[in-house]
Amino acid sequence: MKKFIYFSVFFLFCIVMNSCSKHSTLNIGHRGAKGHIAENTLESINMAIELGADGIEIDIFKCQSGELVLFHDKNLKKLTGKSGEIEKQTLKDLEDFLVEGKYKIPTLTSVLDSIKTPLFVNIELKGSNTSQMTSTIIMKYLEKTNWKIEDFIVSSFNWEELEVFRSINDNISVGVLVDKSIDINDAIEFGRKINAQAIHPNYTLLDRNSVKKIKDNGFKIYTWTVNKNEDIVLMKRLKVDGIITDFPDRI
């Protein structure tokens, strides 16, 4: 009987320890829920939240009238069917450009206002001259609402713009975006230079060695864009900190 009790207690202890040691990976909706509804729209962001996303990744440009708006491409043609560069349009002009013919291009402030319960927000700086306004908007929400500084991270493939952002604001987390053309070592070096908190590599660049190298240098890992179930499983096994996906319901 004593042996039975001993092994029962030991078994339960192992279960508890295993549960406690499980790594939590953030489920981050890519441009909202891009796999289900038009990207970078209020509707897509709301769907990502409904599907259980822990956070969202969004792209921003600064339009001609000064507002920050959500959009991925510099040219509006592919997503709206109408030609024009987004940075050369005023916010009023953009009312005539509908994503997939029916969705409005939202401002960053309208997106943050639409989110009732704060969650993780990854703001990717797509255009130039986006740093100052991004910092100003985030700080305003931190001061006047229940958003917290850890809810935000700012990332970019444009490392010069990321460096500008860091020179303006040394409190908000920064992530260095890395695609297949960039060496992980270069990203780590740059991340250390600007005191970044995370590296955002394409998932195909990750294996045990690269993950260890990034984490040994003190960075979190938010990887993109992971959509296939087998790749999602692999990223979780590698214990990345966040998975950016078009399908938040798969994470």
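When we follow this note's numbering, the leftmost residue of the sequence shown carries the number 1483, and every step to the right adds one.
Where is the CB? At the ideal position from N, CA and C, for every residue including glycine.
The beta strand (DSSP E) with ALA1680 in it runs from where to where?
For ALA1680, the enclosing beta strand (DSSP E) begins and ends at 1680 to 1683.
Sufficient close CB pairs (3 or more, under 8 Å) joining the segment 1644 to 1654 to the segment 1566 to 1583:
Taking 8 Å as the limit for Cβ pairs, the verdict is that the segment 1566 to 1583 does not touch the segment 1644 to 1654.
In chain order, which continuous runs of the beta strand (DSSP E) of length 3 or greater are located wholly inside the segment 1514 to 1596?
Counting only runs of 3 or more, we get 1537 to 1544 and 1550 to 1552.
State the DSSP-derived secondary structure class of LYS1702, mapped to helix, strand or coil.
For LYS1702, the three-state secondary structure derived from DSSP is strand.
For PHE1493, count neighbouring C-beta atoms within 10 Å of its own C-beta (all shown protein chains included) and say buried if the count is 16 or more, exposed if not.
Because PHE1493 carries a pLDDT of 44, less than 50, the predicted location of this residue cannot be relied on, and no value is offered for it.
Quick test of your reading: GLY1537 and ASN1604, contact by CB under 8 Å. State the CB separation rounded to the nearest angstrom.
The Cβ separation is near 6 Å, so the contact holds.
Given a threshold of 16 other Cβ atoms within 10 Å of its Cβ, counted over all protein chains shown, does ILE1527 qualify as buried or as exposed?
Only buried fits ILE1527, as 16 or more other CB atoms lie within 10 angstroms of its CB.
What do you get for ARG1765, buried or exposed, if any count of 16 or more other CB atoms within 10 angstroms of its CB means buried?
Here the chain has residues from 1483 to 1733 only, and residue 1765 is not among them.
Classify ILE1541 as buried or exposed, calling it buried when 16 or more other Cβ atoms lie within 10 Å of its own Cβ.
According to the sequence as given, residue 1541 is Asp; it is not Ile. Burial of ASP1541 is indicated by the presence of at least 16 other C-beta atoms within 10 angstroms of its C-beta.
Along the chain, where does the alpha helix (DSSP H) containing ILE1671 start, and where does it finish?
Ile is not the amino acid found at residue 1671; the sequence shown has Glu there. Boundaries of the alpha helix (DSSP H) harbouring GLU1671: 1666 to 1675, taken from the DSSP string.
Taking the alpha-carbon of MET1529 as reference, which of ALA1515, ASN1522, GLU1521 and THR1686 has the nearest alpha-carbon?
Among ALA1515, ASN1522, GLU1521 and THR1686, the Cα nearest to that of MET1529 is on ALA1515.
Beta-carbon proximity check, ILE1664 vs VAL1636, cutoff 7 Å:
The Cβ-Cβ distance between ILE1664 and VAL1636 does not fall below 7 Å.
How close, in whole Å, do the beta carbons of CYS1550 and LEU1590 come, if the pair is a contact with beta carbons under 8 Å?
Cys is not the amino acid found at residue 1550; the sequence shown has Leu there. 4 Å between Cβ atoms; contact.
Would you tell me roughly how many angstroms separate the C-alpha atoms of VAL1658 and PHE1672, rounded to the nearest one?
Near 8 Å, if we compare the C-alpha coordinates of PHE1672 and VAL1658.
Ignore the nearest five residues each way along the sequence and tell me which others in ASN1500's own chain have a CB closer than 7 Å to its CB.
Its pLDDT being 44, under 50, ASN1500 is placed unreliably by the model, and the measurement read from it follows with that caveat. Here the set comprises nothing.
Using the beta-carbon count (16 or more within 10 Å), is SER1503 buried or exposed?
Note that SER1503 scores a pLDDT of 43, beneath 50, so its modelled location is shaky; the value from the coordinates is reported in the next line. By the 10 Å Cβ count, SER1503 comes out exposed.
Is the segment 1565 to 1577 close to the segment 1622 to 1640, with three or more CB pairs under 8 Å?
No, the segment 1565 to 1577 does not touch the segment 1622 to 1640.
Going by DSSP in three states, PHE1634 sits in which element: helix, strand or coil?
Looking at PHE1634 - three-state DSSP - the assignment turns out to be strand.
From LYS1560, ASP1595, CYS1545 and SER1692, pick the residue whose C-alpha is nearest to that of ILE1568; which is it?
Comparing Cα-Cα distances from ILE1568 to each of LYS1560, ASP1595, CYS1545 and SER1692, the minimum goes to CYS1545.
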